[in-house]
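These protein sequence lines map, in sequence, to chains A, B and C. Our numbering numbers the first residue of the first sequence as 1 and each following residue consecutively. Our numbering numbers the first residue of the second sequence as 215 and each following residue consecutively. Our numbering numbers the first residue of the third sequence as 432 and each following residue consecutively. Okay, so here's the structure we're looking at.
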Amino acid sequence: MFQILNDYSSELLEGFQITLISSVIALIFSLIIGVLLAILQISGKKLFITLANIYVEFFRNIPLLIIAMFFYVVVPVFWVPLSGFAAGTIGLTLYTAAFIADTVRAGILAVPKGQMEAARSTGLTFIEAMRYVVLPQAFKIVIPPLGNQFISLIKNSSVLALVAGFDLMYQGDIIASETFNVFDTYILIALIYLLLTMPLSYLMRYLEKHWSIN
Amino acid sequence: MEHFLEAFSWINMRFLLEGLLITIQVSLLSIAFSFIIGGILGIIRYVKIPVLSSIIGVIIDIIRNLPLLLIIFFTYFGLPNMGVRLNIFWSAVAAMAVFQSAMLAEIIRGGIVAVPKGQMEAARSTGLTYTQAMRIIILPQALKKMIPPIVGQFISLVKDTSLATVIVLPELTYSARIIYSQDSNLVLPMFFMITLLYFLICYCLAKLSVRLDRSLS
Amino acid sequence: MKKLGTMTISILSGLTLSLLSACGTQDLASYDILERSQETASLTWGVKADTPLFGSMNIETRQIEGFEIDLAAAITREILGDDAKVEFIEVSSKTRIPLLKNGNIDAIIATMTITEARREVVDFSEVYFEAGQSLLVHKDSGIASIEDLDKSSVVIGAKGSNSVANIRELIPGITVLELENFSEAFVALRARQGVAVTTDNSVLYGLSAQDPDYIVTDETFTVEPYGIAVNKNQERFLNEVNKALQTIKENGTYDSLHEKWLGSVINRND
Chain A
1 MFQILNDYSS
11 ELLEGFQITL
21 ISSVIALIFS
31 LIIGVLLAIL
41 QISGKKLFIT
51 LANIYVEFFR
61 NIPLLIIAMF
71 FYVVVPVFWV
81 PLSGFAAGTI
91 GLTLYTAAFI
101 ADTVRAGILA
111 VPKGQMEAAR
121 STGLTFIEAM
131 RYVVLPQAFK
141 IVIPPLGNQF
151 ISLIKNSSVL
161 ALVAGFDLMY
171 QGDIIASETF
181 NVFDTYILIA
191 LIYLLLTMPL
201 SYLMRYLEKH
211 WSIN
Chain B
215 MEHFLEAFSW
225 INMRFLLEGL
235 LITIQVSLLS
245 IAFSFIIGGI
255 LGIIRYVKIP
265 VLSSIIGVII
275 DIIRNLPLLL
285 IIFFTYFGLP
295 NMGVRLNIFW
305 SAVAAMAVFQ
315 SAMLAEIIRG
325 GIVAVPKGQM
335 EAARSTGLTY
345 TQAMRIIILP
355 QALKKMIPPI
365 VGQFISLVKD
375 TSLATVIVLP
385 ELTYSARIIY
395 SQDSNLVLPM
405 FFMITLLYFL
415 ICYCLAKLSV
425 RLDRSLS
Chain C
432 MKKLGTMTIS
442 ILSGLTLSLL
452 SACGTQDLAS
462 YDILERSQET
472 ASLTWGVKAD
482 TPLFGSMNIE
492 TRQIEGFEID
502 LAAAITREIL
512 GDDAKVEFIE
522 VSSKTRIPLL
532 KNGNIDAIIA
542 TMTITEARRE
552 VVDFSEVYFE
562 AGQSLLVHKD
572 SGIASIEDLD
582 KSSVVIGAKG
592 SNSVANIREL
602 IPGITVLELE
612 NFSEAFVALR
622 ARQGVAVTTD
632 NSVLYGLSAQ
642 DPDYIVTDET
652 FTVEPYGIAV
662 NKNQERFLNE
672 VNKALQTIKE
682 NGTYDSLHEK
692 WLGSVINRND
């Protein structure tokens, strides 16, 4: 196994980087979209709520693989060319945003109603109240589940392997095919994934305990 | 437009539906196995048997933190190295079950923890043994609370069966790929069809979970 | 203190996994395939199901059909008699060798080129077909041969195929996207993910037949002899396979199968 690590260190490093970059980009954009969706869902306006719900219900109930493949083999034919990395990352983003919307909405709703009323009564607008009073509190409630979403993202990024995205899993496939050593290669890949996900997982558990005492 | 409609010939649809059948079969079997195994593991973790609970805890953590694709590969290619040879169907079931069991173990453990401590004391004070108290009082209450996350996992499972296409499991996504790789006009129709099918199944399961949750509480 | 215990166990698990991987490289197929197949009167072959002409899934009948399917069936009947059962398991270039070494399949007949690297892990039969690597391109792409490609080109292949290594050798620095199999590669080509799919011309002709907008370049730039792959330490079985292959070639079965499936395909074979 260390032989593989030696011979393919640059490929493994590239895979590791791509996995990380794809996950981070997807996290940032799915957070943006997710927060937007959550705000739409609690806005009280029927149209906004319906639109947001359609998005969330749609992307939560279809496989991520199909979304990624759609952007890899369908979109380039009708619109713009997308690389495997782009297709996979876009898929990851759209998919995760639906789950984040739910998490953020639950977080916002968990902040006591009194907070919004109190904030409005001091003269803040809805947006200002959200920004300065409600969202920061929702944030704390929401960080551990969001952390878990990030871990899920890192795991889900392996879908890039199936659309030639050059991520860690893809490199694993290539290495396994070239060395004919399936077992060792995938154990090595597993260890590298664990390097990313395990520490995050323990961190989230710690934060959950630490912050829930408040 | 005629191409689009032509794609939904009976031959193609039958091939897809056969794939859907496999998806459903693998999902149901994995759900059954993972519920049992996950339940047992969750309870072991809750009860905190020295050494065993910790080891299981680490194993669960490792499995939960790995991509499902990796677990699928391990089960299919790695298990034979350890003496267990399974065909594609049962490898997929095993891989899903392993992954889901780890996920469910955590959910179930969390569910039991959430039952108020007073329940166990009250149960014991009426003369029930620990085991009886767990079985009759604690677990049923825990289960009720856990229905939404458990059904959520099942929905994930159905979606994740699409990943088994890498070990050539002839499920729904695989079937669509075979069809559209033979005729490029069929790409869009096939995507439409399988998106629709997955959505219908998962959405119905989600609605069922809400219904179940309401009727039980 | 509890954290320390968990950390220790995690490290121990990591070490255990590494140790496991050390013993994980034995292969299971240590029984004699010939003996077992004679007992069960059946053989399990790993074949392609996405390669028109050689091994392709018929959607209507749900059977895999092709030159290699028929050839495998003929060889099985030669070795085990006319009542023998032939089972086919779909493989891709990526999964075929692991499946063979695991014992899931008895032999591989899946457009597999005989190479020295592969010889180190499996044994091959005599050559049963000779192909050559070529390119599948859009008819308006302006690419007529490998000379028209360079480092900046993007070509598409499949994981586990030696065509990828070949083209990397011929054009160092070229980008190759490796998909799960060649029908996926073709779908990717149609989505303009690359300018060409590269593999054996035999495979490419089958793909090209599905879509007249895509053509195979005339020249082949390597020689790809196909062989049936069998696990190591199965000499008796391999001998039977070679004998059967020889018989089939001599009695005309091979020629008629060749005519049936590949008659319209340009090829060089012995």
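We treat Cβ as the ideally placed atom computed from N, Cα and C, and that holds for glycine. Please read all numbers here as calculations on a predicted model, not as lab measurements.
Assuming residue 595 of chain C and residue 607 of chain C make a contact with CB atoms under 8 Å, what is their CB distance in whole Å?
The beta-carbon distance between residue 595 of chain C and residue 607 of chain C, rounded to whole angstroms, is 5 Å. This is short enough to meet the 8 Å contact definition.
Would you kindly work out how many angstroms separate the C-alpha atoms of residue 507 of chain C and residue 464 of chain C, rounded to a whole number?
CA-to-CA, the gap between residue 507 of chain C and residue 464 of chain C works out to about 13 Å.
Using a Cβ-Cβ distance under 7 Å, would residue 452 of chain C count as near chain A?
Low confidence applies here, because residue 452 of chain C scores a pLDDT of 48, under 50, leaving its location unreliable; read the following figure in that light. Answer yes: the Cβ-Cβ gap between residue 452 of chain C and chain A drops below 7 Å somewhere.
Please report whether the beta-carbon of residue 279 of chain B lies at a distance below 7 Å from any beta-carbon of chain A.
So, interface residue.
Find out if the Cβ-Cβ distance for the pair residue 91 of chain A, residue 62 of chain A is shorter than 7 Å.
No, they are not a contact pair.
Between which residues of its own chain and residue 678 of chain C is the CB-CB distance below 6 Å, once the five residues before and five after are set aside?
The residues are 509.
Rounded to whole angstroms, what is the Cα-Cα separation between residue 25 of chain A and residue 154 of chain A?
Distance between the alpha carbons of residue 25 of chain A and residue 154 of chain A is about 11 Å.
Express the C-alpha separation of residue 616 of chain C and residue 652 of chain C in angstroms, rounding to a whole number.
Computed Cα separation, rounded: 20 Å.
How far does the beta strand (DSSP E) with residue 629 of chain C in it reach, from first residue to last?
Judged by DSSP secondary structure, residue 629 of chain C falls within the beta strand (DSSP E) whose first and last residues are 627 to 631.
If you pair each beta-carbon of the region 46 to 57 of chain A with each one of the region 128 to 139 of chain A, do three or more pairs fall below 8 Å?
Under the Cβ criterion (8 Å, minimum of three pairs), the region 46 to 57 of chain A does not count as touching the region 128 to 139 of chain A.
is_contact[residue 455 of chain C, chain A] using C-beta, thresh 7 Å
At residue 455 of chain C, the pLDDT of 45 sits below 50, so the modelled position is not reliable; the number obtained from the coordinates is stated separately. Closer than 7 Å to some Cβ of chain A, the Cβ of residue 455 of chain C qualifies, so yes.
I need the DSSP call for residue 333 of chain B, collapsed to helix, strand or coil.
Residue state, collapsed to three classes: helix.
State buried or exposed for residue 206 of chain A, treating a residue as buried only when at least 16 other CB atoms are found within 10 Å of its CB.
Label assigned to residue 206 of chain A: exposed.
Those residues which DSSP pairs with residue 660 of chain C across a bridge
Residue 660 of chain C is bridged to C:539 and C:555.
Beta strand (DSSP E) containing residue 645 of chain C: first to last residue?
Residues 645 to 647.
CA-CA distance, residue 284 of chain B and residue 180 of chain A?
Each residue's Cα considered, the two are about 17 Å apart.
CB-CB length for residue 418 of chain B against residue 373 of chain B, believed under 8 Å:
Under the criterion of beta carbons closer than 8 Å, residue 418 of chain B and residue 373 of chain B do not qualify as touching, at roughly 13 Å.
Under the three-state reduction of DSSP, which class applies to residue 481 of chain C: helix, strand or coil?
Strand, per DSSP.
Hey, is residue 435 of chain C's beta-carbon within less than 7 Å of any beta-carbon in chain B?
For residue 435 of chain C, the predicted model reports a pLDDT of 47, less than 50, meaning its position is unreliable and no value from the coordinates is stated.
For residue 320 of chain B, is the classification buried or exposed, using 16 other Cβ atoms within 10 angstroms of its Cβ as the cut-off for buried?
It is buried - the Cβ of residue 320 of chain B has at least 16 other Cβ atoms within 10 Å.
Is there a Cβ of chain B sitting closer than 7 Å to that of residue 642 of chain C, yes or no?
Yes - at least one Cβ of chain B is within 7 Å of the one on residue 642 of chain C.
Short check: CB of residue 629 of chain C to CB of residue 688 of chain C, under 7 Å?
It is not a contact, given that the beta carbons lie outside the stated cut-off.
When you compare only the Cα positions, how much space is there between residue 200 of chain A and residue 19 of chain A?
If I take the Cα positions, the gap works out to 15 Å.
Which of the three DSSP states is assigned to residue 561 of chain C in this structure?
Here DSSP, grouped into helix, strand and coil, assigns residue 561 of chain C to strand.
Once DSSP output is grouped into helix, strand and coil, what is the label at residue 226 of chain B?
Looking at residue 226 of chain B - three-state DSSP - the assignment turns out to be helix.
Return no unless some Cβ of chain B is closer than 7 Å to the Cβ of residue 26 of chain A.
By this cut-off, residue 26 of chain A is not an interface position.
Where residue 488 of chain C falls: helix, strand or coil (DSSP)
Here residue 488 of chain C carries a strand assignment [DSSP, helix/strand/coil].
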